[in-house]
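4 protein chains.
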Amino acid sequence: MSFNTFGHLFRFTTWGESHGPAIGVVIDGCPPGIALAQDGIQPFLDARRPGQNKFTTQRQEPDQVKILSGVFEGPDGQQRTTGTPISLMIENVDQRSKDYSEVAKAYRPGHADYTYDAKYGFRDYRGGGRSSARETAMRVAAGAVARLVIPDVTITAYTCEIGGDRIDPVNFDAAEIRNNPFWCPDAKAAERWEKLVDDARKSGSSLGAVVECVATGVPAGWGAPIYAKLDAELALAMMGINAVKGVEIGDGFDAARLTGEQNADPMRPGDDGTGPDFTANHAGGVAGGISTGQPVTCKVAFKPTSSILTPVETITRDGTATEIRTKGRHDPCVGIRGVPVVEAMMATVLADQMLLHRAQCG
Amino acid sequence: MSFNTFGHLFRFTTWGESHGPAIGVVIDGCPPGIALAQDGIQPFLDARRPGQNKFTTQRQEPDQVKILSGVFEGPDGQQRTTGTPISLMIENVDQRSKDYSEVAKAYRPGHADYTYDAKYGFRDYRGGGRSSARETAMRVAAGAVARLVIPDVTITAYTCEIGGDRIDPVNFDAAEIRNNPFWCPDAKAAERWEKLVDDARKSGSSLGAVVECVATGVPAGWGAPIYAKLDAELALAMMGINAVKGVEIGDGFDAARLTGEQNADPMRPGDDGTGPDFTANHAGGVAGGISTGQPVTCKVAFKPTSSILTPVETITRDGTATEIRTKGRHDPCVGIRGVPVVEAMMATVLADQMLLHRAQCG
Amino acid sequence: MSFNTFGHLFRFTTWGESHGPAIGVVIDGCPPGIALAQDGIQPFLDARRPGQNKFTTQRQEPDQVKILSGVFEGPDGQQRTTGTPISLMIENVDQRSKDYSEVAKAYRPGHADYTYDAKYGFRDYRGGGRSSARETAMRVAAGAVARLVIPDVTITAYTCEIGGDRIDPVNFDAAEIRNNPFWCPDAKAAERWEKLVDDARKSGSSLGAVVECVATGVPAGWGAPIYAKLDAELALAMMGINAVKGVEIGDGFDAARLTGEQNADPMRPGDDGTGPDFTANHAGGVAGGISTGQPVTCKVAFKPTSSILTPVETITRDGTATEIRTKGRHDPCVGIRGVPVVEAMMATVLADQMLLHRAQCG
Amino acid sequence: MSFNTFGHLFRFTTWGESHGPAIGVVIDGCPPGIALAQDGIQPFLDARRPGQNKFTTQRQEPDQVKILSGVFEGPDGQQRTTGTPISLMIENVDQRSKDYSEVAKAYRPGHADYTYDAKYGFRDYRGGGRSSARETAMRVAAGAVARLVIPDVTITAYTCEIGGDRIDPVNFDAAEIRNNPFWCPDAKAAERWEKLVDDARKSGSSLGAVVECVATGVPAGWGAPIYAKLDAELALAMMGINAVKGVEIGDGFDAARLTGEQNADPMRPGDDGTGPDFTANHAGGVAGGISTGQPVTCKVAFKPTSSILTPVETITRDGTATEIRTKGRHDPCVGIRGVPVVEAMMATVLADQMLLHRAQCG
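Residue numbers (full-length UniProt numbering), protein chains in the order written: chain U, 1 to 362; chain C, 1 to 362; chain F, 1 to 362; chain V, 1 to 362.
In structure tokens form, the structure reads like this:
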């Protein structure tokens, strides 16, 4: 069974293949009356867009989004959501007429080539087809709309580790994130990564990365226990991103190495009457699957892309042994391009949970 | 919005509070004709049951499951599933008439006390109410049925780390898992943990744990991209377990520290024509969200329980500062009791994906 | 695939067979804080309960409902919903040890005997098993809770036709509905039906019925176009009731015989500023799938029960020709007992739509 | 909450407004390997297309469908479904720059103008916006794909009544259906309707219609009790079509006027071993919500369109009394154009139920 829809009430369905005529998303359940224009979505797509520097794949796509439905001139003359489905589309323009005969025949290990064939009997092999990271552009577009549904929430993701080299929390400066091609909040780490990633690129190797995402302004009470808990939905959203192999909420695996005393998030009366003050946030802003009012935090592990210049043993569709290596365009660290996708999925989960909460609790 | 149903086609809904009259689960979508009796479910509940040794909470519950619907005498005289909902119930018998006045008034940090109040306006505070780990008994019951839906799959979970002390892969022996109260496959680690956990118990502290789960016999092709990928569904299932803060598929966060060459899972022609042989399994048996035919593996991080003897700062329902500490029954390492729950959720996700696959791909 | 859950946000799952140990329902998504006790549900079950007069089957069931979860003492000391799943159960007490050997072997035409076997391979044949109208008791229980979610809506169903004999609108008196065993608002028709139904009962025949349901107090704006329209959801709900073969909204099939002029529902400015006044309601309170603020009306056709004394040709499980006729307890007009079920499903659909509306439109 | 997705496993999501740039549908869950090209969909759209004769609205749209994703060259060189979402789009070309100032200001009674405003706060008023029957083009496109999923099923719908004038079963000739602009299987009735509908058209009035749909080749066993019964899903599908006010399965409301003896569908051993022979089909091919193997039949009542030349009392957005009458393009009997939509929804429900059945019962 194919499942191309994400979300319960704020819900989007993506479609399209890497080398088909277009890719798109239909967003359903968006509240009416929200000001929405193409230029509110485009900047997020531009942030994800490849080919902007030497650290990401050189595929050149303008990724120009079109709004095909779901907005109309509101009483104030502004384009506003009408409560009907919002259809967004990006035409694929850089489908270069490459020779796909090798990838049509042999499976690239670590990619979805073999598994799509095993599942469906055959596959669109051009550029990864449906399993291409290109599909995540539409998640970013949906996330841009989701943000407008929860305007009081601020979402920021950044890379905190590349190739095993971590940022130093002492150097954390949110203002740095957009100053380097890595979404890195530590200027010194960003400097080191220049060389690290460039070396990987030049040698045709690849590196993994860890991305952290923080959402502030989330009120206490969002999350739908037992089986649509806020943290579990985030895990679903993040693990579903291409190349992701691990998800942590708050301290994650580190929490498993703490004692109960060390891991406690004590509460004090809040200064301003809007809720308690917590003196720590090991939990990452979620308890019992429901937001606590603290920042919601998660960490996401991206594997190194499997597209490398070194030949890897594999088999052909008919079961013969062969070797394959990546040619052409190449992302030395796909995690970098995952940053806007992680933000988008955080936005989507939170918008969805806000609507769920409003439905049940008024 | 409350979501108490898990799964798409093999789907279960749990109900019940820790100290209500009973807890239960309704399983919908189970294929007909499967032999099912109470003694096929009870052993899994017995494995999860607390109070069996000093390393788990001393709550004494027989956890005797009753099948209330969905099975009937098949043509062969055996009780078999009929394809209608399977209702399972456990009566709560050890609801000791404890004094709940303190927990009714003050929030236990790290528990769901504050968040349930923030969401719903009030809560059943007796023993954690709905957010109690007692609810996971019904996941174990559902998982016991799920296993019968995928009889060729073998699922084994075990503890691979407690309080930061890891097992040594060299000592791994699956036969050891049931020989100690920790589900530990490394006899030497189990010995060390005896003291570690007992010390935590005596001092009223608590420890975290990491549980690993391996499913063998999963054919290539299960998993529903893009938004119900096998790995993403596992992340949803595992992160939704009480006290879980992190989930990894295959190498997880470690993969983010490897190069593309190190992380490759090369393929060779299979000996027996049933599929390729992989020479590594960094991916944990999933590529592009679809099973590869290799063992499906995941790791799950449990935080130390927040119920500790050391007083923690907190507030009362009316916002006054106070302190709270756990009295009475206490689990020094909740991760231990999570092992059967992790297995059950793996079984449920796989059974669901098998049905999804069969629906779309015949 | 088995689907035993109804509703999107106010959602219930039923379980149980006619002659199993019990039947039950789990209601999920109910808002918290609603006063709910067993005596708020029991009267609705009593209204549906068989064996209360000679016009319904003589099965004697106290149908005593138990609340097993989802309510707790609220701040005011009253039992209130907590926002967690509400589990309701009725134990089956009148499972008389009848001889089922005939029905186990041969298919009763018009019942689900053959189709359950065709679908599932075998069936629980005792009293219709899962397909028994007994299951509708749990819809009535869920409907009783649904009414509490929309306290400003009043729902009334009544029989408007039995065996082709219609009520006269001139005689309509809502106060009469509970004065006769037929839920008939026309005292004169009720008199005629006494003889009509009694004759059918004595001769072992059966009669069909048409039930109308009216909901007042529904504000304009409920309904989720395009595929969860209020009228379409009502059609789903009503057609799913045992023995129902037709559903109409407003004028229904009669509207197909009117001209556009005759079928118009003109609007005038409302007296009280709460919305327009409509001068007709051919539409049954729904336009474009969304409530107009007028009464929501539907009509539901119940076939005559297939359980009759006259032998009917049929086949056995192994394909041999035979005849079957109903013995023992018998409902001469099942439509009568459908009245409380129709009300319950109207309540459920409206509660669900209210939550859906609140989610999207605040 | 907006719901623009229909179906459980074969599932489609439509988007688009009457006068936006385009309308579209995304079909998810379609099995892989099915030969699908644009010319397999276009004929169904052509059948629904308006402006083909004087009996339907004169809007001129080529309704040229484009396949944007989900198909790829199969191993045999044919375009085949890949198991990924199938995105179909039709560009709107006849959005004539009409003056919408009247309809922007005043509500057309019987249309969704008032209710969309009541629900969403404002609306796209151009040509009915999202509530326009234009959206049903995409249901027809989805239905064309659904038919390919169940190739052994034959679906035929036809008009059996217009303006209260019924066909005579004696004259029924399936070959006639495509010989007249009304989809009428009775040549004599078609002759009468010429005048009937033309008179309505000339006078600016409108007529209702009843459409019947028959599916043959449906095996016994499709249908998902209790809450996704085949008949209930058909009711949902049909009642959701624009202008529909009633749905009947088999004899429908007539069954409520029969006795149990008259309504019986006796069974005899089948000649060919493929199942029983039924000697009647009052039930319309469904018992207990599951197909019996007989033809699945339903009847659907379409109201006369509310767009008429006679002025009707109404109010403006600001609550002032006014009158409105339809200008320009006009459908004297919308039921006629509903025929291909009814067929499409029957196909969709059956394809969905086939997948559901395959999932649970193998």
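Heads up, the beta-carbon is just placed ideally off N, CA and C, and yes, glycines get one too.
{"Query": "Chain U contact for Pro151(V) (CB, 8 Å cutoff)", "Result": "no"}
{"Query": "Selection from Tyr100(U), Ile90(U), Ile308(U) and Arg358(U) that minimises the alpha carbon distance to Leu207(U)", "Result": "Ile308(U)"}
{"Query": "Candidates Ser87(V), Gln60(V), Pro62(V) and Trp183(V), of which the one nearest Val71(V) by Cα", "Result": "Ser87(V)"}
{"Query": "In DSSP terms, what Thr316(F) is bridged to", "Result": "Ala106(F)"}
{"Query": "Members of the segment 318 to 347 of chain V near chain F, C-beta cut-off 8 Å", "Result": "Gly319, Thr320, Ala321 and Gly335"}
{"Query": "Beta-carbon proximity of Tyr227(F) to Gly240(V), cut-off 8 Å", "Result": "yes"}
{"Query": "Chain F residues whose Cβ lies nearer than 9 Å to that of Ala137(V)", "Result": "Those within 9 Å of Ala137(V) in chain F number zero; the least Cβ separation is about 13 Å."}
{"Query": "Chain-ordered chain U contacts of Tyr120(V) [CB-CB under 7 Å]", "Result": "Pro32, Thr82 and Gly83"}
{"Query": "Proximal chain V residues relative to Gly22(U), where beta-carbon distance stays under 9 Å", "Result": "The residue asked about is misnamed: residue 22(U) is Ala in this sequence, not Gly. Residues of chain V passing the Cβ test: Leu68, Ser69, Ser87 and Met89."}
{"Query": "Sub-8 Å separation of Val25(F) and Ala142(F) beta-carbons", "Result": "yes"}
{"Query": "As assigned by DSSP and simplified to three states, the class of Phe6(F)", "Result": "strand"}
{"Query": "Arg48(F) to Val210(F) span [Cα, whole Å]", "Result": "17 Å"}
{"Query": "Burial state of Thr305(C) (16 or more Cβ within 10 Å)", "Result": "buried"}
{"Query": "Cutoff 8 Å: Phe10(V) Cβ touching any chain F Cβ", "Result": "no"}
{"Query": "Paired residues, beta bridge with Thr159(C) - DSSP", "Result": "Val211(C)"}
{"Query": "C-alpha gap between Asp39(F) and Gln64(F), whole angstroms", "Result": "10 Å"}
{"Query": "Given Ile290(U) as reference, the closest of Lys105(U), Ala224(U), Thr326(U) and Met354(U) once Cα atoms are compared", "Result": "Ala224(U)"}
{"Query": "For Val149(U), the three-state DSSP class (helix, strand or coil)", "Result": "helix"}
{"Query": "Proximity test, Cβ basis, 8 Å: Leu356(V) and chain U", "Result": "no"}
{"Query": "Nearest-angstrom Cα separation, counted from His8(V) out to Thr14(U)", "Result": "17 Å"}
{"Query": "Those runs of the beta strand (DSSP E) which lie wholly inside the segment 61 to 101 of chain V and span at least 3 residues", "Result": "65 to 67, 71 to 73, 79 to 81 and 86 to 91"}
{"Query": "Where Met346(V) sits in the DSSP three-state scheme", "Result": "helix"}
{"Query": "Residue range of the unbroken beta strand (DSSP E) whose run includes Ile41(C)", "Result": "No beta strand (DSSP E) holds Ile41(C); the alpha helix (DSSP H) holding it covers Gln38 to Arg48."}
{"Query": "Per-residue burial, Val334(V) [other beta carbons within 10 Å of its own, 16 or more giving buried]", "Result": "buried"}
{"Query": "The beta strand (DSSP E) enclosing Thr115(F), as first and last residue numbers", "Result": "Note, Thr115(F): premise wrong, no beta strand (DSSP E); alpha helix (DSSP H) at Asp113 to Tyr120."}
{"Query": "Arg178(C) burial status per 10 Å Cβ neighbour count (16 or more: buried)", "Result": "exposed"}
{"Query": "Within chain C, partners of Pro75(F) - CB distance below 7 Å", "Result": "Phe122"}
{"Query": "Spatially closest choice to Glu323(U) from Pro332(U), Val296(U) and Glu313(U), by CA coordinates", "Result": "Glu313(U)"}
{"Query": "Length of the line joining the Cα atoms of Ala35(C) and Thr82(C)", "Result": "10 Å"}
{"Query": "Contact list for Phe72(F) against chain C, beta-carbon separation under 9 Å", "Result": "Glu17, Gly20, Phe122, Arg123, Asp124, Tyr125, Arg126 and Gly129"}
{"Query": "Whole-angstrom distance between Ile155(V) and Pro340(F), CA atom to CA atom", "Result": "36 Å"}
{"Query": "Exposure label - Phe205(F); buried when at least 16 CB within 10 Å", "Result": "Checking the sequence shown, residue 205(F) turns out to be Ser, not Phe. By the neighbour-count rule (16 or more Cβ atoms within 10 Å), Ser205(F) is buried."}
{"Query": "Residues bridged to Asp352(C) [DSSP beta-bridge criterion]", "Result": "Asp352(C) pairs with nothing; no bridge assigned."}
{"Query": "Endpoints, alpha helix (DSSP H) assigned at Ala232(F)", "Result": "Leu230 to Met239"}
{"Query": "Contact list for the segment 42 to 65 of chain U against chain V, Cβ threshold 7 Å", "Result": "none"}
{"Query": "Min CB distance Asn4(U) to chain V below 8 Å", "Result": "yes"}
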